[in-house]
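A quick write-up on the structure given underneath.
There are 2 protein chains.
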Amino acid sequence: MALKHSKQRDMIKAFLMGRKDHPTAEVIYTNVREKNPNISLGTVYRNLTLLADMGEIKRLRLGDGVDHFDADTSPHYHFVCTKCGSIIDLEMQNIDKLQELAGADFNGKINGYVVYFYGTCENCTSDSEQEEIPCMQSPHKIAQSITPLQATGHQACNAVEQRGI
Amino acid sequence: MALKHSKQRDMIKAFLMGRKDHPTAEVIYTNVREKNPNISLGTVYRNLTLLADMGEIKRLRLGDGVDHFDADTSPHYHFVCTKCGSIIDLEMQNIDKLQELAGADFNGKINGYVVYFYGTCENCTSDSEQEEIPCMQSPHKIAQSITPLQATGHQACNAVEQRGI
DNA sequence: AGCAAATCGATAATCATTACTATTTTAGTA
DNA sequence: TACTAAAATAGTAATGATTATCGATTTGCT
Chain A
1 MALKHSKQRD
11 MIKAFLMGRK
21 DHPTAEVIYT
31 NVREKNPNIS
41 LGTVYRNLTL
51 LADMGEIKRL
61 RLGDGVDHFD
71 ADTSPHYHFV
81 CTKCGSIIDL
91 EMQNIDKLQE
101 LAGADFNGKI
111 NGYVVYFYGT
121 CENCTSDSEQ
131 EEIPCMQSPH
141 KIAQSITPLQ
151 ATGHQACNAV
161 EQRGI
Chain B
1001 MALKHSKQRD
1011 MIKAFLMGRK
1021 DHPTAEVIYT
1031 NVREKNPNIS
1041 LGTVYRNLTL
1051 LADMGEIKRL
1061 RLGDGVDHFD
1071 ADTSPHYHFV
1081 CTKCGSIIDL
1091 EMQNIDKLQE
1101 LAGADFNGKI
1111 NGYVVYFYGT
1121 CENCTSDSEQ
1131 EEIPCMQSPH
1141 KIAQSITPLQ
1151 ATGHQACNAV
1161 EQRGI
């Protein structure tokens, strides 16, 4: 009786599945808009939250003040370039044992964890001329103003990317 | 010629050093205000950013939409209770080798990483009556509305907590 | 087709954080 | 000790991502 189909939700999911970068709500909005000019930004936010809550996508909260989304829900880790702001999937082994380490001396119950790596991507590392974006001068100094893709977006609530459950 | 002394900054730093929890700007504001009723919220934000940029404190961006601050700049890890929202220091060994793992198959340069653990703290684990806060139902679903201490605060830019540099 | 629930589009409201500006402090220096 | 330029402050307005609201549509059933 709950959750009916929605063409808008399908379009959002489809768009996200076609991308390997990790677009923001705003970017998703401007792109989906090209196929459906009537779609509302609020609809994009609502459905992204819905999809994240259902576990169909992941919400990435990298600390740049804008939520990013990932249709790849398989276990993997993310790297954020502090120069160009791009978010890249890392090819690395699973590190879920972190959770055991953390729980060893802890009296509560640890259900999961979040990890992000920061640095300079291949392009920005080789290109010495590339200036560091002011608000990113030290890793994780990711500015709100950064627009890795095309536009900007911002922040929500649920189902943030989270490993090890 | 830059950076002059400021009584306000001293008070903020002093307050933060006296706390083991990880207060938000708003909480710091309301507390420091008791000793200096004239201090401005903007001053608190400005100085927190200054202190973080100087490396005297750490900014914690846990994904709850509000920045938290920590006067303990020594390497350590954090746990977030998804029921009560409290942030607790974890007693666990250093895991900086994560960075090597992540960098092994990566062509850029990794300078640091961020890790947070989620779950239920000792109190909330034993207290089965305790209901999950709606927006925290899955780990890292930390709501903006949560006020671990007294008041609320929000978000900034630089010198976020970041390990492994 | 007919109806109730779910969703939408449009827009207003939130709210943490930042920006702006006139005034006050700070820290040298004469 | 007074003088001054730079830095910091208080107060307040602006920003911007996200959420809430609400009348109009769409969806899924019968």
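Quick note, the sequences are listed as chains A and B, same order. Everything in the first sequence is counted per our numbering, starting at 1 for the first residue and increasing by one. Everything in the second sequence is counted per our numbering, starting at 1001 for the first residue and increasing by one. Glycine residues also receive a C-beta, built at the ideal position from the N, C-alpha and C atoms.
Residues of the region 1091-1113 of chain B with Cβ closer than 9 Å to any Cβ of chain A, in chain order: Answer set for the region 1091-1113 of chain B: Glu1091, Met1092, Gln1093, Ile1095, Leu1098, Gln1099, Leu1101, Ala1102, Gly1103, Ala1104, Asp1105, Phe1106, Asn1107, Gly1108, Lys1109, Ile1110, Asn1111, Gly1112, Tyr1113.
Through-space distance from B/Thr1073 to B/Lys1013, alpha-carbon basis: Translated into positions along the second sequence, residue 1013 of chain B becomes position 13. Translated into positions along the second sequence, residue 1073 of chain B becomes position 73. Their backbone Cα atoms lie some 12 Å apart in a straight line.
Range covered by the beta strand (DSSP E) that runs through A/Gly119: Within the first sequence, residue 119 of chain A is the residue found at index 119, counting from 1. 109-120 is the span of the beta strand (DSSP E), which, as asked, contains A/Gly119.
Given B/Arg1046 as reference, the closest of B/Leu1098, B/Arg1061, B/Asn1094, B/Glu1026 once Cα atoms are compared: As a working note, residue 1046 of chain B is residue 46 in the second sequence. When only C-alpha atoms are compared, the closest one is B/Glu1026.
Chain A contact residues for B/Glu1122, given Cβ-Cβ distances below 7 Å: Within the second sequence, the letter at position 122 stands for residue 1122 of chain B. Under the 7 Å cutoff, chain A gives Asn107, Gly108.
6 Å Cβ shell around B/Ala1071 - same chain, five flanking residues per side excluded: Reading the second sequence from its first residue, position 71 is the one you call residue 1071 of chain B. Excluding sequence neighbours, B/Ala1071 sits near Leu1016, Met1017, Ile1057.
One or two residues paired with A/Tyr77 in a DSSP bridge: The count along the first sequence starts at 1 and reaches residue 77 of chain A at position 77. The partner list for A/Tyr77 (beta bridge, DSSP) reads A/Leu90.
Contacts that B/Arg1061 makes with chain A (C-beta to C-beta distance below 7 Å): The residue labelled residue 1061 of chain B in the question sits at position 61 within the second sequence. For B/Arg1061, the residues of chain A that pass the 7 Å Cβ criterion are Gly63, in the order they occur in the chain.
Beta carbon proximity, A/Lys20 to chain B, threshold 8 Å: One-based indexing of the first sequence puts residue 20 of chain A at position 20. No, A/Lys20 does not count as interfacial toward chain B.
Own chain residues within Cβ distance below 7 Å of B/Asn1094, not counting five before or after: Within the second sequence, residue 1094 of chain B is the residue found at index 94, counting from 1. Closer than 7 Å at the Cβ level, and outside the excluded window around B/Asn1094, lie Pro1075.
Cβ neighbour criterion (16 or more within 10 Å) applied to B/Met1011: The residue labelled residue 1011 of chain B in the question sits at position 11 within the second sequence. Of the residues assessed, B/Met1011 falls on the buried side of the cut-off, its CB having 16 or more other CB atoms within 10 angstroms.
Nearest-angstrom Cα separation, counted from A/Glu91 out to B/Phe1106: Numbered from its first residue, the second sequence carries residue 1106 of chain B at position 106. Numbered from its first residue, the first sequence carries residue 91 of chain A at position 91. Their backbone Cα atoms lie some 7 Å apart in a straight line.
CA-to-CA distance, B/Asn1036 to A/Ala168, given in whole angstroms: Because residue 168 of chain A is not part of the residues shown, which for chain A are 1 to 165, the question remains open.
Whole-angstrom C-beta distance between A/Arg61 and B/Gly1112, which should lie under 8 Å: Counting from 1 along the second sequence, the entry for residue 1112 of chain B is found at position 112. Counting from 1 along the first sequence, the entry for residue 61 of chain A is found at position 61. Contact check for B/Gly1112 and A/Arg61: beta-carbon distance about 17 Å, past the 8 Å limit, so the pair fails to qualify.
Where the beta strand (DSSP E) through A/Arg61 begins and ends: Residue numbering aside, residue 61 of chain A sits at position 61 when the first sequence is read from its first letter. From DSSP, the beta strand (DSSP E) with A/Arg61 extends over 58-61.
Proximity test, A/Leu62 beta-carbon vs the ligand FMN heavy atom, cut-off 7 Å: Judged by which ligands are present, the structure shown has none, so any question about the ligand FMN falls away.
Classification of B/Lys1083 by the beta-carbon crowding that lies within 10 angstroms, buried from 16 upward: Position 83 of the second sequence, counted from the start, is the residue given in the question as residue 1083 of chain B. Classification of B/Lys1083: buried, given that the 10 Å Cβ count is 16 or more.
Same chain, Cβ closer than 7 Å to A/Cys121, five either side skipped, listed in chain order: The residue given as residue 121 of chain A occupies position 121 in the first sequence. Cys81, Cys84, Ser86, Ile88, listed in sequence order.
Proximity test, Cβ basis, 8 Å: B/Thr1125 and chain A: Working through the second sequence from its first residue, we reach residue 1125 of chain B at position 125. Contact of B/Thr1125 with chain A is assigned, a C-beta pair being separated by under 8 Å.
Bridge-paired residues (DSSP) for A/Asp70: Position 70 of the first sequence, counting from 1, holds the residue named residue 70 of chain A. Beta-bridge partners of A/Asp70 (DSSP): A/Lys58.
Alpha-carbon to alpha-carbon, B/Thr1024 and B/Ser1040: Working through the second sequence from its first residue, we reach residue 1040 of chain B at position 40. Working through the second sequence from its first residue, we reach residue 1024 of chain B at position 24. In a straight line, the C-alpha of B/Ser1040 is about 15 Å away from that of B/Thr1024.
Residues within the region 35-57 of chain A neighbouring chain B, beta-carbon criterion of under 7 Å: So the list is empty, because no residue satisfies the distance condition.
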